[in-house]
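Report on the structure given below.
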Amino acid sequence: MKANYTKLFKVSVLSACLAMAPAVSHAALPWFGDSDKQETPTLAPMLEKATPAVVNISATGMKKDAQRIPDVFRYFFGPNAPQHQVQEKPFQTAGSGVIIDAEKGYVVTNHHVIADTDKILVTLKDGRQFEAKKLGSDAESDVALLQIEAEDITDIPLANSDKLRVGDFAIAIGNPFAIGQTVTSGIVSALGRSGLGIEGYENFIQTDAAINSGNSGGALVNFKGELIGINTAILGPHGGNVGIGFAIPSNMMKNLVDQIVEFGEVRRGVLGISGENIDAGIAKAFDLPTTQGAIVRQVFEGTAAEEAGIKPGDAIVSVNGRKIQTFFELRAKIGTMGAGNTATLGIIRDGKELEIKVKLKEAEGGNVAAASMHPALDGSDLGNGKTKSGEKGVVVNSVEERSIAARLGLEEGDVIIGVNRERVTNIAQLRDKLDKHKNGIIALNVMRGNTQLYLVIR
1 MKANYTKLFK
11 VSVLSACLAM
21 APAVSHAALP
31 WFGDSDKQET
41 PTLAPMLEKA
51 TPAVVNISAT
61 GMKKDAQRIP
71 DVFRYFFGPN
81 APQHQVQEKP
91 FQTAGSGVII
101 DAEKGYVVTN
111 HHVIADTDKI
121 LVTLKDGRQF
131 EAKKLGSDAE
141 SDVALLQIEA
151 EDITDIPLAN
161 SDKLRVGDFA
171 IAIGNPFAIG
181 QTVTSGIVSA
191 LGRSGLGIEG
201 YENFIQTDAA
211 INSGNSGGAL
221 VNFKGELIGI
231 NTAILGPHGG
241 NVGIGFAIPS
251 NMMKNLVDQI
261 VEFGEVRRGV
271 LGISGENIDA
281 GIAKAFDLPT
291 TQGAIVRQVF
301 EGTAAEEAGI
311 KPGDAIVSVN
321 GRKIQTFFEL
331 RAKIGTMGAG
341 NTATLGIIRD
351 GKELEIKVKL
361 KEAEGGNVAA
371 ASMHPALDGS
381 DLGNGKTKSG
391 EKGVVVNSVE
401 ERSIAARLGL
411 EEGDVIIGVN
421 RERVTNIAQL
431 RDKLDKHKNG
441 IIALNVMRGN
451 TQLYLVIR
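For reference, each letter of the sequence shown is one residue, going 1 to 458 in UniProt numbering.
If you want it as structure tokens, here you go:
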């Protein structure tokens, strides 16, 4: 029977799994309540600090709905009559989010919670509501970054998810079925889950903490109240909780968020290899001491892998000192590290263990379609770059003929360095300035070769 994976919108609550724990003084455990005032251990003190940082998210938008036109009506319009009528219908989504930076108002959620929506509303635990601005989103890894302007809010500190172990306690917080904030608990059931077909880049934490629809984008925390993951999907026959939930590790999320903050997009890193999982058969054929990792089948010309000296037949068993289990996990770790970063790969070659440093290159198609930033830029393709004199800015990689951007006066090779006399050095800043001045006249400060000019958007 085919597995049924459901992307979430929810969170979890605490179970009595402490009964089998060895006898330990409550005072030595920071996640217990005050043992002088109560006899029953509790996570309440930790949750009182963590839960205000988990928010409810509701988003609305319009989607196109194609309805077949009955033949009896099409008859009157002749043989060229359309078969379908396309209508736009409103839709609404609900999920959860996590405040990761209270000072800047950054809220992380899942891409599928806010995909194709026009208005995003964030509701705090105390009932306050704020309209959120989408800073960036990545469908392949299912991560989105929002921003709200709010005072007196709380964020959740990030844990190092690479240090997680199977058996560590995990607490899920979110908004299941939109009934209100809920807390559940369990353990880390598995690590490095991949190849599930849920996302393009998978390296999931698996947990048995109860997660249901509505928990998407919610927090998975440890007993210190630190964020270890973003709840994303469940495995269940009817979309309900059966004790198999998946979360994006906090380290993976942070890598993606850092790229969105800096560039306004995910600048995905690539090795430039094809490969497959190491299993017992491959381990025997290549005389490998392990059945976990990835075997390199091909190294593509001109790629980061070729420049670093990786060869077909190499067994990649670790990334930055952390063991990997599958080729999918390798792909996810590399794909979320970001172009330009350096990864240290643990390699087994001819029975010898090696460490190879690889400076990742950017995946093709990493540029931004500018129409998503402002309608007047429709038809242009933008990327981060520099002017001839070395100033950072936003490079116009291409402009379609007779497009809106062409009529504005943009040309291939132009570098946008400012908006309304405010300096911009990257796509993230350009997006922010365009949004700031969206209701007024916008003057783009452009460098064309050694000439500076202004293009005005009215």
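Here a beta-carbon is modelled for each residue, glycine too, at the ideal position from N, C-alpha and C.
None of these values were measured; they are calculated from a predicted model.
For alanine 102, which residues in the same chain have their Cβ closer than 7 Å to its Cβ, ignoring the five residues on either side in sequence? Ile153, Thr154 and Asp155
Mind the definition here: the segment 240-251 touches the segment 211-219 only if three or more C-beta pairs lie below 8 Å; say whether that holds. yes
Could you tell me whether the segment 257-277 touches the segment 135-143, where touching means 3 or more Cβ pairs closer than 8 Å? yes
Own chain, CB closer than 7 Å to phenylalanine 327, minus 5 neighbours either side, in chain order: Result list for phenylalanine 327: Gly275, Glu276, Asn277 and Ala294, in chain order.
Contact the segment 173-184 vs the segment 40-52: 3+ CB pairs below 8 Å: Segments in contact, yes.
Per DSSP, what are the beta-bridge partners of threonine 93 in this structure? Ala59
Whole-Å CB distance - aspartate 162 paired with asparagine 251, under 8 Å assumed: 6 Å
Euclidean distance between Cα positions of leucine 121 and arginine 128: 10 Å
I need the straight-line Cα distance from alanine 94 to threonine 184, nearest angstrom please. 19 Å
Run through DSSP, which three-state label would lysine 49 get? helix
Between which residues of its own chain and alanine 178 is the CB-CB distance below 6 Å, once the five residues before and five after are set aside? Excluding sequence neighbours, alanine 178 sits near Ala94 and Gly214.
Backbone secondary structure at valine 456 - three-state DSSP: If DSSP states are grouped into helix, strand and coil, valine 456 belongs with the strands.
Could you spell out where the alpha helix (DSSP H) holding phenylalanine 263 opens and where it closes? 250-263
What are the uninterrupted segments assigned as beta strand (DSSP E) that are 3 or more residues long and contained completely in the segment 193-249, given in chain order? Counting only runs that start and end inside the segment 193-249, the beta strand (DSSP E) elements of at least 3 residues fall at 204-207, 219-221, 227-235 and 245-249.
Within 10 Å of its beta-carbon, does threonine 451 have 16 or more other beta-carbons around it, so buried, or fewer, so exposed? By the neighbour-count rule (16 or more Cβ atoms within 10 Å), threonine 451 is not buried but exposed.
Tell whether a beta-carbon distance below 8 Å holds between isoleucine 417 and glutamate 391. yes
Span separating the alpha-carbon of alanine 159 from that of threonine 207: 16 Å
Spell out the partners DSSP gives glutamine 129 in its beta bridges. Thr123
For isoleucine 324 and glycine 167, what's the separation of their Cα atoms in angstroms? 18 Å
Helix, strand or coil at lysine 311 according to DSSP, with G and I counted as helix: coil
Leaving aside the five residues before and after isoleucine 441 along the sequence, list all residues of the same chain whose C-beta is less than 6 Å from its C-beta, in chain order. Hits under 6 Å: Arg458.
Under 8 Å by Cβ, that's how I've got isoleucine 310 and valine 296 pegged, so tell me the actual separation to the nearest angstrom. At roughly 6 Å, the Cβ-Cβ gap stays under 8 Å, so isoleucine 310 and valine 296 are in contact.
Please return the same chain residues whose Cβ sits closer than 8 Å to the Cβ of glutamate 355, not counting the five positions on each side in sequence. Thr344, Leu345, Gly346 and Ile347
Contact check, valine 107 vs leucine 146, beta carbons under 8 Å: Leucine 146 sits close to valine 107, with the two beta carbons spaced by under 8 Å.
What does DSSP give as the partner residues of valine 358 in its beta bridges? Under the DSSP definition of a beta bridge, valine 358 partners with Ala343.
Applying the 10 Å Cβ sphere with the 16-neighbour rule, what's the burial state of glycine 449? exposed
Identify every run of the beta strand (DSSP E) within the segment 149-192, keeping only runs that are complete inside it and at least 3 residues long; order them along the chain. Counting only runs of 3 or more residues that sit fully inside the segment 149-192, the beta strand (DSSP E) segments are 169-174, in chain order.
When burial is assigned at 16 or more other CB atoms within 10 Å of the CB, is phenylalanine 169 buried or exposed? buried
8 Å contact criterion, which proline 291 and alanine 285 should meet: CB distance rounded: Sequence inspection shows threonine at residue 291; the proline mentioned does not correspond to that position. Contact doesn't hold; Cβ gap of about 12 Å is too wide.
What's the C-alpha gap between alanine 305 and arginine 421? Cα to Cα, the separation comes out at about 42 Å.
To the nearest angstrom, how far is the alpha carbon of aspartate 378 from that of leucine 410? 11 Å
Considering isoleucine 442, what are the terminal residues of the alpha helix (DSSP H) in which it resides? Careful: isoleucine 442 lies outside any alpha helix (DSSP H), inside the beta strand (DSSP E) at 442-448.
Where do the ends of the alpha helix (DSSP H) carrying aspartate 432 lie? Per DSSP, the continuous alpha helix (DSSP H) segment holding aspartate 432 begins and ends at 427-436.
Take the Cβ of valine 399 as the centre, count every other Cβ of all protein chains shown within 10 Å, and call the residue buried at 16 or more, exposed below. buried
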